[in-house]
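A.B. asks:
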Amino acid sequence: MIRRRLLALACLPSLSLLACASPSGSGGGGKGGSSATGGSTGSGGSSATGGATGSGGAGAGVGTAVGHPFPLGDKSASWAGNCMLTTVANASTQTQSAYSNWKSAYLVSGSPGQRVQRPENGNDTVSEGIGYGMLAAVYMNDQTTFDLLLQYQQAHLDSKGLMNWHITSSGATASDGSYSASDGDEDIAFAMLMASDQWAATATYDYLAMGRTMIEAIKTYSLFSDGTLQNGDNFNTSDTLNIDYFSPAYYRLFQKAIPDGGIFQFTVSQGYKHLAAQSGTDGLVPDSSNLEDSTTCSTCKATYGYDACRTPWRIAMDWCWNAEPNAQTYLMKIGAFFNGVGASNIGDGYSLTGTKTSSNQNLAFSGPAGVGAMQGFQSLVDGSFNLMVSPPGGNSAYFPQSLRVLSMLMMSGNMVDYSKF
Numbered sequence: 525m526i527r528r529r530l531l532a533l534a535c536l537p538s539l540s541l542l543a544c545a546s547p548s549g550s551g552g553g554g555k556g557g558s559s560a561t562g563g564s565t566g567s568g569g570s571s572a573t574g575g576a577t578g579s580g581g582a583g584a585g586v587g588t589a590v591g592h593p594f595p596l597g598d599k600s601a602s603w604a605g606n607c608m609l610t611t612v613a614n615a616s617t618q619t620q621s622a623y624s625n626w627k628s629a630y631l632v633s634g635s636p637g638q639r640v641q642r643p644e645n646g647n648d649t650v651s652e653g654i655g656y657g658m659l660a661a662v663y664m665n666d667q668t669t670f671d672l673l674l675q676y677q678q679a680h681l682d683s684k685g686l687m688n689w690h691i692t693s694s695g696a697t698a699s700d701g702s703y704s705a706s707d708g709d710e711d712i713a714f715a716m717l718m719a720s721d722q723w724a725a726t727a728t729y730d731y732l733a734m735g736r737t738m739i740e741a742i743k744t745y746s747l748f749s750d751g752t753l754q755n756g757d758n759f760n761t762s763d764t765l766n767i768d769y770f771s772p773a774y775y776r777l778f779q780k781a782i783p784d785g786g787i788f789q790f791t792v793s794q795g796y797k798h799l800a801a802q803s804g805t806d807g808l809v810p811d812s813s814n815l816e817d818s819t820t821c822s823t824c825k826a827t828y829g830y831d832a833c834r835t836p837w838r839i840a841m842d843w844c845w846n847a848e849p850n851a852q853t854y855l856m857k858i859g860a861f862f863n864g865v866g867a868s869n870i871g872d873g874y875s876l877t878g879t880k881t882s883s884n885q886n887l888a889f890s891g892p893a894g895v896g897a898m899q900g901f902q903s904l905v906d907g908s909f910n911l912m913v914s915p916p917g918g919n920s921a922y923f924p925q926s927l928r929v930l931s932m933l934m935m936s937g938n939m940v941d942y943s944k945f
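Number 783 in the numbering used here belongs to position 259 of the sequence shown; there are no gaps in the numbering.
1. For Gln638, name the three-state secondary structure that DSSP assigns.
2. Measure how close the beta-carbons of Tyr663 and Arg639 come, nearest whole angstrom, since I'm counting them as under 8 Å.
3. What's the C-alpha gap between Ala713 and Gly735?
4. Give me, in chain order, the residues of the same chain whose beta-carbon lies closer than 7 Å to that of Thr764; leave out the 5 immediate sequence neighbours on both sides.
5. To the nearest angstrom, how far is it from the Cα of Ala622 to the Cα of Leu876?
6. Applying the criterion that 16 or more other CB atoms from any shown protein chain within 10 Å of the CB defines a buried residue, is Pro849 buried or exposed?
7. Let me check one thing: in DSSP terms, what residues is Met687 bridge-paired to?
8. Please tell me whether Phe862 and Ala897 are closer than 8 Å, where the distance is taken between their beta carbons.
9. Rounded to whole angstroms, what is the Cα-Cα separation between Thr761 and Asp707?
10. Give me whichever residues DSSP pairs with Thr697 in a beta bridge.
11. Can you check whether the CB of Leu904 is closer than 8 Å to the CB of Ala851?
12. Does the beta-carbon of Ile742, which I'm using as the reference point, lie nearer than 7 Å to any heavy atom of the ligand GTP?
13. Do the stretch 878-887 and the stretch 837-845 meet, that is, are 3 or more Cβ pairs less than 8 Å apart?
14. By DSSP, does Asp806 sit in helix, in strand, or in coil?
15. Check each candidate in Leu808, Ala781, Pro783 and Ser749 and name the one with the smallest Cα separation from Thr791.
16. Could you have a look at Thr827 and say whether DSSP puts it in helix, strand or coil?
17. Please state the DSSP three-state secondary structure of Val632.
18. Kindly list the residues whose CB is nearer than 6 Å to the CB of Met710, restricted to its own chain and excluding five residues on each side of it in sequence; keep chain order.
As structure tokens, then:
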């Protein structure tokens with residue numbers, strides 16, 4: 525499994541995986557790409573869960589052993605942080621249904637492979653969506669879908685080995701899309717590491733080797749000199765930061781996945797420094813800032829909107845999986861804020877001082893808020909999960925539906941760091 529394989533790749537033989545890890549510290553933000561909203565949803569469809577399939581991009585061939593079947597059962601009991609799962613009945617079954625509906629609505633032929641389309645944006649594809657799809661597929665034990673998405677991702681790499689962030693419906697790189705977006709890059713790379721512990725390598729795909737190659741590219745092209753995460757591989761001179769790209773639990777594993785991954789400890793430490801500077805009293809971070817943590821720059825967006833809304837989900841992983849105190853501090857703020865609002869009253873926009881700027885109910889906000897509440901706000905966890913099960917109107921779109929699935933996976937205890945088992 526990845527735990528033993530990473531040990532062999534990144535550590536001295538006499539050391540344990542945890543012993544060889546560098547100390548964790550703070551991490552970075554990044555901007556770039558774009559966060560998609562809107563679209564139309566679908567329902568129905570069947571989920572290709574269960575056994576692992578396949579070799580090759582089409583997922584055909586001899587099946588391989590399953591490492592972690594869905595649902596996981598009690599695997600979340602081994603989380604380092606004291607995270608509350610939802611108490612809503614049949615949570616895993618409801619999650620599987622949401623995933624099936626998501627596939628039916630957004631998964632289409634990619635020529636090659638398959639892609640996640642945005643119906644509201646001319647049926648285009650963004651690397652963000654490929655990352656979401658690969659994460660969902662690996663946790664749903666759906667190797668067929670994972671390999672098809674991986675095939676598409678590999679066909680759309682830029683010159684630096686990371687995925688072009690924006691692809692048209694015809695398969696061409698969009699005029700604004702010929703570089704990567706770090707949120708998509710990190711989700712894809714982490715999903716590859718999880719796939720290496722979920723399924724054996726196929727004749728076509730060595731998941732761990734591919735993940736390591738991508739992590740090396742992120743290290744080379746998407747970090748500032750202090751380790752802070754850039755918005756993508758085309759932002760090395762840009763004084764911009766999207767704190768919602770900061771996914772510290774990923775970078776702890778990236779540090780161990782490659783022999784020269786020590787800089788990722790600073791990605792973690794710098795990211796927490798920026799998060800603390802920007803999260804204020806209520807944990808409401810801006811959609812974008814500059815590297816000095818100001819929101820007064822010309823490209824800054826000083827609102828908790830459709831980028832920032834993902835932050836609680838990303839930070840909660842580091843608390844649930846690793847019991848990181850900085851994550852707990854942030855989650856206590858954002859959890860208390862949204863717990864006071866109530867799951868059914870969460871709008872899709874806030875000022876950084878807590879004023880609601882829109883009353884539209886959107887799962888892209890209520891889902892991650894529910895994940896952020898797992899640190900200690902049970903009523904918000906359950907209220908959010910119930911909204912995921914029966915979404916309010918206006919949520920038939922790629923972006924909220926994608927975050928719906930990922931939030932449900934986390935709140936039901938089915939999104940874990942496989943390297944720990």
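The beta-carbon is built from N, C-alpha and C at its ideal position, and this holds for glycine as well.
C.D. replies: This is what the structure holds:
1. strand
2. Not really, about 19 Å apart at Cβ, beyond 8 Å.
3. 5 Å
4. Lys555, Asn755, Ser812, Asn814 and Thr823
5. 31 Å
6. exposed
7. Leu681
8. yes
9. The alpha-carbon separation between Thr761 and Asp707 amounts to approximately 18 Å.
10. Ile691
11. For the 8 Å CB-CB criterion, Ala851 and Leu904 do not form a contact.
12. As for the ligand GTP, it is missing from this structure, which has no ligand bound.
13. The answer is no - the stretch 837-845 does not touch the stretch 878-887, with fewer than three Cβ pairs under 8 Å.
14. Asp806 falls in the coil class under three-state DSSP.
15. The residue from Leu808, Ala781, Pro783 and Ser749 with its alpha-carbon nearest to that of Thr791 is Ser749.
16. strand
17. strand
18. Sequence inspection shows Glu at residue 710; the Met mentioned does not correspond to that position. In chain order, Ser771 and Tyr774 place their CB closer than 6 Å to the CB of Glu710, counting only its own chain and leaving out the 5 sequence neighbours on each side.
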